[in-house]
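Numbering (numbering that gives the first Met the number 0), first residue to last: 0 to 998.
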Amino acid sequence: MGLAQCLAAAFLFLLLGLTAGQRVVTVQEGPLYRVRGSHVTLWCKVSGYQGPAEQNFQWSIYLPSAPEREVQIVSTVDPSFPYAIYTQRVRGRGIFVERLQGDAVLLHITELQDRDAGQYECHTPNTDERYFGSYSAKTNLTVIPDTLSASLAPQALSHMEGDAVELTCEVSKSTAQHTHLSVGWYLLQGAGEHHAKEILTLSKDFILKPGPSYEQRFLEGDVQLNKVGNTTYKLIFREVKPSDQGQLYCEAAEWIEDPDKTWKDISRRQTERTRLAVLGQGSDLSVDIAAAEPSLSEGDTLQLTCVLEAPKNSNFKVIWLLNDTEVARVDPHGVLICEEEYEERAKLGQLRAFKPSNTIYVLTISEVGLKDKGTYQCSVSEMKTPGDLHSIQTVVSSGIQVDVKPIESRMRLAVSSSTPRVTAGEPLILRCEVQGATGPVSLRWWHLPPQRPGHRVLVATMEQDGSLSLGSAYQDGRARGSLRLQKESSGTFTLVIPSALEDDGGQYRCEATQWSRGRSWTGKGEAAVTVSSMGLGLHATLRSRTASVSYGQSFELFCQVDASYALEEVPLSVRWLFQPSPPTGPSHELVQVFPNGTVLWGPAQPHFQGKAQLAKTGTSFRLHIHSALPANEGTYQCEVEVWRRNSLPLGQSAASTSSNAVGIKVVLPESKLQVATTDSSVEIASGNAAIECRIVFAQNNSQFAVTWYLLPPLAGATPLQILRANYSGILEYGSEFSSPAQKSRFLSHRVSSNIFQLQILSANLGDRGRYYCVVEEWLWLVDGWYKLGEGTSGRTTLKFKPSVRELQMDKTNHSLSAREGEEATLPCRLQGAPLPGSQLSATWFQVSSSGRDSALLALQHDGTVEYPEERLAARLYLRRRSAGDFSLTLSSVERGDAGAYYCQLQEWQQQSQGKDWAVQALACSGYTQLTTIPPESTVVSRICSSPPLLNFILYLPLVLILLLALALFCWYCKSRKNKKGNITGWMMELEGNEEAKKT
């Protein structure tokens, strides 16, 4: 076999072995940077799948604040998939999934928010016959502020054809990431002004690109775009043409390069528009503007006249401008079109535009205000026909200055109160006298509460026509009575609050507003009032005859209310509060009794209503609870409220007080649980181990929760929680045993009614130590499960029997140093040859600070490799240079890798054909102490850290070794051709086991 054919065969073998039928999910490569408020899309696709052509997709996010917690966003198959924080946005199509094809989708976020930053995961539910491949992929999205700005001073320009015109656009950004800018100039023409013509654009790649209509003029140098400094972009027409007239603006876009080397526009800005009018050579159109009166007062009428000198039988479009902003226009048919802010005034008849003749146009604005002053112009465009969208020529008149002066008001207010000091419940009377008003006024009363400085509350309003409305806080008359606001004379207004509250004290402001000629003037005045509290001096005391009751017994609580006056004359209500033990949040409201006898039960304790009895004797309230349950254990409190007589049956209480807290403890039935406490041991050679936990005695109707612990052999080691099986059989693993590999090896089973068993599958040396269980006794009591007690078992020591014989291997202790980021190889070598027909397995351990040796990698006798510590799987390799070499290579060494390591080798032999394999010999290596060294910061290290150079240095030896190995491989194939006949046979022969194939 030639070298080329051999290489092709080896490559095809690897390709088929690694990729056939494997599902692969791919998501848009990150990290991605997108600006706040933008529309963002993320693509995801799946390949190599089985099942239907239309695959389903589910999107989730891992937020930076909780990177381990999955937050579900949206699914193509399950409408209930989103978590609550995303439900509203998904329903409102703020977040949705667009299907591109059966196995590809786009995730849309229409308005990106700061909280959308995080790691996104695209998951495809399994449709394959078996799990094989990747079912999800992740990408990172970072939300950055939008710092792009673009500005162009709006103006109205008029130039003759052939003039030079220059426009300036200012564009800037302050994005922290590396981004590029593109800046383009555009022209809007016609009545619709929906489609813009591109003039000239400086692209993100710093290339000038003219629009289709301007290519020739750009090549001739007639149209230019120059960048001046860092932020200024100038558009220059060397000779402007009539086709250039219209509205011009510039648009800036900010671009960022994604990891897949494509550029994405993350932000866009358009400037305001500049009007450009271009007059043809030899134009005989002229425009003049005049004002009937350029100096006005508020409320007067402004009349402007635009006079044209033009050929007869021409058609004109006239636009009226105020400070270069359009007010209204009259089209060639004489139809008036107003800008949005003037439409309402036109409907009211305050704005009119008409043409007495084809050369005279008039604009009138009645009831002028201060906002109507400024410079007025009229822009006249000559049209070929009335319906034509493009003008022959446009002329803008010179500007005329119109001034509007404000009108002074002499209105004065006098505010007073005939009740400057009142007690809660008494009437409050305020008076406002308006003097000097020349027309109708509207009135508003405000309360300025001293408790909230700077805050005001609307009390009541009376309009010019006498209509009355109350503020939202005063519309319910049950607390203060029915408020009255009366106009007693032409200028005197009286406010009456029939029943003042304690919070009604403070300043009251009267505001009177006079209207004239479309303008208003407001006068203000204030008066202070004091509202005294009822001063009830309430006090409540809660007591109980006992602080501890047995399960099923009854107990009573007494709430005694005292005051400095006779409470019998005042309506009282009581609210009973309860805080469970331990506390679960705010106190629960058990029940409330109102002064009229109405009883309102709280929702927090649904069984409480049928167990409680309420009573009142004088000023004492009693709460009697029958048949105490564990749920009744906690802290009780009573809250008493005093009500004004005129506020019944509803309203706001006048005063309240809370009692002291009283704790009640409910004693549960005594636990009878007994757990076997005798120490024992379990000895195995290899394979599985079982640890027993025996219950000696317990109540018949009890349920049990069992927690298993391991006490490592290291002196002074802390017990490690393996797993806990609660009374429902749900398993919860400890932190040291939470990996999938550990969960699959440690299982808890209930063998019988009183025996629990911990099964350890494929036990290894790292599992040595003393095991014990803690059993909890749980009992169902009416409303839930309760823990009665617990017991701890004796210690069971797990030992490993010495093998029939011990393998010969290097047991020398080694010390090894490795720099962080580099790789380290830990030695493990067999001395001598194994028995014929036997297979070897190897397990690497790291001595943990907890005292338990952690298994890192296990090479089974059948050649399969397991990684109990999944976080290290990508960095661990067995690079065997010989059949007896099981050295471990640790790549990309980290500071946390420092410590002691050792390996265990086992020799397996099949008892007979078809029988199980059994361990015949084993041995452990010496310890290798790994010390990590911080990375260097030298010139040489910086040069070597260059990615191209580093990749070349790292991969050159590997390529040379691979080529040499393939050459030897082909030579051996040729020499062994008659003996084995194919590559597979030769690989099966190596070491006579499956492990050689894997290696």
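The beta-carbon is built from N, C-alpha and C at its ideal position, and this holds for glycine as well.
For residue j and residue i, believed in contact at Cβ under 8 Å, the rounded distance
{"i": "residue 376", "j": "residue 320", "result": "4 Å"}
{"i": "residue 770", "j": "residue 791", "result": "About 12 Å; that fails the 8 Å criterion."}
{"i": "residue 41", "j": "residue 141", "result": "Their Cβ separation, rounded to whole angstroms, is 13 Å, which puts residue 41 and residue 141 out of contact at 8 Å."}
{"i": "residue 198", "j": "residue 180", "result": "So it is not a contact: roughly 17 Å between Cβ atoms."}
{"i": "residue 125", "j": "residue 134", "result": "6 Å"}
{"i": "residue 302", "j": "residue 275", "result": "Not a contact, Cβ separation roughly 29 Å."}
{"i": "residue 829", "j": "residue 855", "result": "Contact doesn't hold; Cβ gap of about 19 Å is too wide."}
{"i": "residue 627", "j": "residue 550", "result": "6 Å"}
{"i": "residue 499", "j": "residue 427", "result": "4 Å"}
Backbone secondary structure at residue i - three-state DSSP
{"i": "residue 542", "result": "strand"}
{"i": "residue 659", "result": "coil"}
{"i": "residue 938", "result": "Note that residue 938 has pLDDT 42, beneath the 50 cutoff, so the model's placement of it is unreliable and the number below is only indicative. DSSP places residue 938 in helix when its eight states are reduced to three."}
{"i": "residue 631", "result": "helix"}
{"i": "residue 346", "result": "helix"}
{"i": "residue 437", "result": "coil"}
{"i": "residue 961", "result": "helix"}
{"i": "residue 736", "result": "helix"}
{"i": "residue 1002", "result": "With the chain covering 0 to 998 only, the question about residue 1002 has no answer from this structure."}
{"i": "residue 922", "result": "strand"}
{"i": "residue 976", "result": "Note that residue 976 has pLDDT 48, beneath the 50 cutoff, so the model's placement of it is unreliable and the number below is only indicative. Note: residue 976 maps to helix in three-state DSSP."}
{"i": "residue 615", "result": "strand"}
{"i": "residue 89", "result": "helix"}
{"i": "residue 353", "result": "strand"}
{"i": "residue 704", "result": "strand"}
{"i": "residue 653", "result": "coil"}
{"i": "residue 968", "result": "helix"}
{"i": "residue 949", "result": "Reliability of the predicted coordinates at residue 949 is poor, the pLDDT of 48 falling under 50, and the value obtained from them is presented with this limitation in mind. Looking at residue 949 - three-state DSSP - the assignment turns out to be helix."}
{"i": "residue 473", "result": "helix"}
{"i": "residue 79", "result": "coil"}
CB contact flag (residue i, residue j, <8 Å)
{"i": "residue 168", "j": "residue 270", "result": "yes"}
{"i": "residue 250", "j": "residue 268", "result": "yes"}
{"i": "residue 823", "j": "residue 773", "result": "no"}
{"i": "residue 753", "j": "residue 694", "result": "yes"}
{"i": "residue 730", "j": "residue 718", "result": "no"}
{"i": "residue 635", "j": "residue 537", "result": "no"}
{"i": "residue 798", "j": "residue 680", "result": "yes"}
{"i": "residue 265", "j": "residue 34", "result": "yes"}
{"i": "residue 526", "j": "residue 414", "result": "yes"}
{"i": "residue 403", "j": "residue 447", "result": "no"}
{"i": "residue 182", "j": "residue 293", "result": "no"}
{"i": "residue 599", "j": "residue 613", "result": "no"}
{"i": "residue 288", "j": "residue 399", "result": "yes"}
{"i": "residue 108", "j": "residue 26", "result": "no"}
{"i": "residue 688", "j": "residue 611", "result": "no"}
{"i": "residue 440", "j": "residue 284", "result": "no"}
{"i": "residue 556", "j": "residue 661", "result": "yes"}
{"i": "residue 314", "j": "residue 384", "result": "yes"}
Limits of the beta strand (DSSP E) - the one that residue i falls within
{"i": "residue 679", "result": "679-683"}
{"i": "residue 235", "result": "231-236"}
{"i": "residue 214", "result": "Not the beta strand (DSSP E): residue 214 falls in the alpha helix (DSSP H), residues 214-218."}
{"i": "residue 573", "result": "571-579"}
{"i": "residue 94", "result": "94-100"}
{"i": "residue 170", "result": "164-171"}
{"i": "residue 696", "result": "688-696"}
{"i": "residue 122", "result": "117-122"}
{"i": "residue 902", "result": "898-909"}
{"i": "residue 382", "result": "373-382"}
{"i": "residue 399", "result": "399-404"}
First and last residue of the uninterrupted alpha helix (DSSP H) at residue i
{"i": "residue 476", "result": "476-479"}
C-beta neighbour in chain C for residue i, strict 8 Å
{"i": "residue 465", "result": "In the structure shown, chain C cannot be found, because there is only a single protein chain."}
Going along the chain, which unbroken runs of the beta strand (DSSP E) with 3 or more residues stay wholly within the region 244-321? Fully contained in the region 244-321 are the following beta strand (DSSP E) runs of length 3 or more, in chain order: 245-256, 262-269, 273-278, 285-290, 294-296, 301-308 and 314-321.
Just list the alpha helix (DSSP H) runs in the region 730-803, keeping only unbroken ones of 4 residues or longer that don't cross its boundaries, in chain order. The region 730-803 contains these whole alpha helix (DSSP H) runs: 739-744.
Complete runs of the beta strand (DSSP E) confined to the region 488-513 [at least 3 residues]: Listed in chain order, they are 491-496.
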